[in-house]
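In the working numbering, the protein residues as written are 1 to 283. What follows is a set of notes on a single structure, which appears directly below.
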Ligand code: HPA
C-alpha cells in the first residue's frame, strides 16, 4: 500500500498516546548530540521500532529512540528524539518528516531541531553553537510535493518566519542566562551523503549560507506546514570543505559534537523550559 502520511502519523501518534501523554515541546537531536536524552528525569523510552512507520535509523551516533521525561526533578516534561532519518539513506521526503508529523498529531506544539553542521562563515569555529535564524533548502526535495492533503496543512505554507522569532528569543535568553555563547546564522541543507567540495562551499557562502548540513530543512518545512512552532540549533563540528587543511570525517563530526556537550545540554535545558512556558501560556 502507498505510504499515506496523514494516516501513518495518526497511527504512530496513537501508539505514543498509549504509552504516555504528549508534552508541549519536543527536540530532535542531531549527530553526536543524543546524550541530552539521557539527562531527562523519570524517562519513558520508546524505541523507534515500536512506533508505527518509523524507519530504522542507520547512522552511527543516532540511537533511534524517543525519550519522554522531565527537565530536572521539577521541570516540565519534554520529548527528545535521539536519531533521525535522512534523505541520503534513501528514505522518501515523506518518511523523513514522518517523526515530525507524528509529534504534531500526538499533541506537541513547539519543536526544536538540532544538527551537526560545517561552519562556512568566518566567525564560526568547531565547537560553536549556532541559532538557526533561517535556512536555504538545497536538497532538491520538498516533503510537501504530491497530492495536497488539507488534514496535514495548506497547499502553499508561508515560510517567511519559519524559525519562530519568539522561540529564537527564548533561546537567546537561555544562552545568556547559562553563559553559553550562541552564534547565529543561516543553515543550508544539502542532500549528501558526500561532503561538499570547496567550490560548493564558496557557492553556499555567496548564496548567504553560514553553515551546511544534511538534515533539518525538510523537517522544518513539514513542521511549519502542520502549524508547529519551530526553532533550531546547529553544533558546528568542523570547518566546511576547503576552509581547513583537514579532510572531513564523520568521526570528527561526532567527536566535536561530544566536546560541545555541556554547553549544548545547558542551552537545551534552559531553552526548552522557556519554550515550554511560552507554549503553556499559549503565546
Ligand atoms: N557538511 C555537511 N554536513 C555536515 C558537515 C559538513 O561540513 N558537518 C556536519 N554535517
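Even glycine gets a Cβ: it sits at the ideal position worked out from N, Cα and C.
- DSSP places residue 67 inside the beta strand (DSSP E), whose first and last residues are 65–70.
- In the assembly as shown, residue 207 is an exposed residue. Its beta-carbon has fewer than 16 other beta-carbons within 10 Å.
- Using a cutoff of 8 Å, the CB of residue 205 does not count as near the ligand HPA, since none of the ligand's heavy atoms is closer than that.
- With respect to the C-alpha of residue 90, the residue from 244, 112, 83, 193 having the closest C-alpha is 193.
- Put simply, of 20, 105, 74 the residue whose alpha carbon is nearest the alpha carbon of residue 67 is 20.
- Between residue 25 and residue 111, the C-beta gap is smaller than 9 Å, which places the two residues in contact.
- For residue 93, the CB contacts under 6 Å within the same chain, skipping 5 residues up- and downstream, are 141, 143, 218 in chain order.
- Relative to residue 196, the option among 79, 88, 241 whose CA is nearest is 241.
- Beta-bridge partners assigned by DSSP to residue 134: 186.
- By the Cβ criterion, the segment 116–136 is in contact with the segment 250–257, since at least three pairs of Cβ atoms, one from each stretch, lie closer than 8 Å.
- Under DSSP, residue 77 forms a beta bridge with 70.
- For residue 23, the number of other beta carbons within 10 angstroms of its own is at least 16, and it is reported as buried.
- If you look at residue 203, you'll find it in the alpha helix (DSSP H) that goes 198–207.
- Nearest Cα to residue 69 within the set 51, 270, 40: 40.
- Annotated three-state conformation of residue 29 is strand, per DSSP.
- Residue 247 and residue 56 have their C-alpha atoms roughly 29 Å apart.
- Residue burial annotation: residue 234 is buried, with at least 16 other C-beta atoms found within 10 angstroms of its C-beta.
- For residue 214, the shortest C-beta to heavy atom distance toward the ligand HPA is below 8 Å.
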